[in-house]
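Under the UniProt record's numbering, the first residue of the sequence shown carries the number 21, and numbering increases by one thereafter. Glycine included, C-beta positions come from ideal geometry on N, C-alpha and C. All of these numbers come straight from a predicted model, not from anything done at the bench.
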Amino acid sequence: DTGLEKTKDNFFSKITKVIAGRSTVDDDVLDDLEEVLVTSDVGVSTTLKIIERIQARVARDKYVNTADLNTLLKDEIQQLLAENNSNDFQNFEYGNHKPYVIMVVGVNGVGKTTTIGKLAHKLKQAGNQVVLGAADTFRAAAVDQLKLWGQRVDVKVVAQAMGSDPASVAFDTLRSAVSNGDDVAIIDTAGRLHNKVGLMNELTKIKNVMQKVVPGAPHEILLVLDASTGQNAIEQCKQFTEATAVNALALTKLDGTAKGGVVIGISDQFKIPVKYIGVGEGVDHLQLFDRKAFVDTLFK
Ligand code: GDP
């Protein structure tokens, strides 16, 4: 169970329909393939890029059997993902900075808290000492939920009263991390997108305060996106990357959606590596994104 069954079934059955009863890859087949990719949430510009590349291969090879279309498509998607995910992440060992600081951003409901909890668990399993900072102080529920995850995976959570200054929570968390010799600090932030300037100022303030404790922090600005929202996830990615220097993505809820094609589109459009994928609500349902395994699963 890879958690990607719905995407795989959707993708595969549509491609099978495109091929059925046709022998060669011609313009009609490519038109239909284009529709499959767009309706699988790959996104229009990325779809056109893939179609153009396949067209070029068909022109070069003169004749391409529809039976080979799968292989051709798989190659092109693999290639596209490789261009933007050159550094596939192999393990949860972040030994290059201590503490390694991750600032987590994203709108409410996308699975931010859950991702932080699951990530803390994986990092702990890999031998890291982890601390969480509850800097989403605007919702009491956010702080409580993070504390619950902290208990669940047995990781310390630094929190203040609801409504307190998020930058102050981040500061406290990093001070605690330094004095306890923690390996990784993960800071939750509030995901209010309605005011981009406000968001930008708040995240900048949190970053500046972090750097007073740990120069170079945050090492990772992780944007969490809900893959099941398809094109909305792309829009959120646009907004957050304009507000702050996002350098890693987590795509959640891939288990419950057929819209997994969004992984391909986001990776291509934003040139930011997809680092983690969420494939369920349980503590073990977080994976390091492996582009080869991802594409293999879609075409298996
Ligand atoms: P936040 O508001 O962004 O912090 O979102 P939460 O972490 O509270 O998650 C919102 C809901 O999505 C919860 O019910 C989670 O259990 C659920 N969720 C989060 N990640 C995943 C995932 O990868 N798969 C599934 N199926 N559900 C998820």
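The distance from the Cβ of VAL175 to that of LEU152 is about 6 Å, consistent with a contact at the 8 Å cut-off. The C-beta distance from LEU166 to ILE136 rounds to 7 Å, short enough to meet the 8 Å contact threshold. Collapsing the DSSP output to three states places ILE97 in a helix.
Positions of the beta strand (DSSP E) runs, each at least 3 residues long and wholly inside the region 230–264, are given as 240–246 in order along the chain.
Not one heavy atom of ligand 1 is found less than 7 Å from the C-beta of LYS167. Within 10 angstroms of the beta-carbon of ASP203 lie 16 or more other beta-carbons, which makes it buried. The beta-carbon distance between SER287 and ASN30, rounded to whole angstroms, is 19 Å. This is too long to meet the 8 Å contact definition.
Beta-bridge partners of VAL56 (DSSP): none assigned. Partner residues in the beta bridge of GLN307, as assigned by DSSP, are ILE297. Around the beta carbon of VAL217, fewer than 16 other beta carbons sit within 10 angstroms, so the residue counts as exposed.
The closest heavy atom of ligand 1 lies 7 Å or more from the beta carbon of GLY250. Residue pairing by DSSP places ILE286 in no beta bridge whatsoever.
When distances are taken from the beta-carbon of GLU301 to the heavy atoms of ligand 1, the shortest one is below 7 Å. Contact between ILE226 and ALA190 holds: their C-beta atoms lie close to 5 Å from each other, under 8 Å. When C-alpha distances from ALA154 are compared across ALA265, ALA210, ARG42, the shortest belongs to ALA210.
Taking 3 residues as the shortest admissible run, the region 126–161 contains the following complete beta strand (DSSP E) segments, listed from N- to C-terminal end: 150–155. Pairing THR27 with THR272 gives a Cβ-Cβ distance that is not under 8 Å. Taking 8 Å as the cut-off, the beta carbon of VAL229 is found no closer than this to the beta carbon of VAL124. Per DSSP, ALA187 is one residue of the alpha helix (DSSP H) stretching across 186–200. Using a Cβ distance threshold of 8 Å, THR44 and ASN85 count as a contacting pair. When secondary structure is reduced to three states using DSSP, LYS176 falls in the strand class. Remark: the shortest separation between the CB of LYS28 and any heavy atom of ligand 1 does not fall under 7 Å. Straight across, the Cα-Cα distance linking ALA179 with ALA197 is about 13 Å.
Setting aside the 5 residues that flank it on each side, PRO238 is surrounded in the same chain by VAL121, ILE122, MET123, ILE207, LYS227, MET230, each with a C-beta closer than 8 Å to its C-beta; the list follows chain order. Per the DSSP secondary-structure output, ILE70 pairs with nothing in a beta bridge.
The Cβ-Cβ distance between GLY23 and VAL283 does not fall below 8 Å. Closest option to TYR114, judged by alpha-carbon separation, among ALA140, ASP52, VAL49: ALA140. In this structure, PRO119 places its C-beta atom within 8 Å of the C-beta atom of ALA205. Going by DSSP, ILE207 is part of the beta strand (DSSP E) stretching over 204–209. DSSP places THR36 inside the alpha helix (DSSP H), whose first and last residues are 25–39. A residue is called buried once 16 or more other Cβ atoms fall within 10 Å of its Cβ, and GLY280 is buried on that count.
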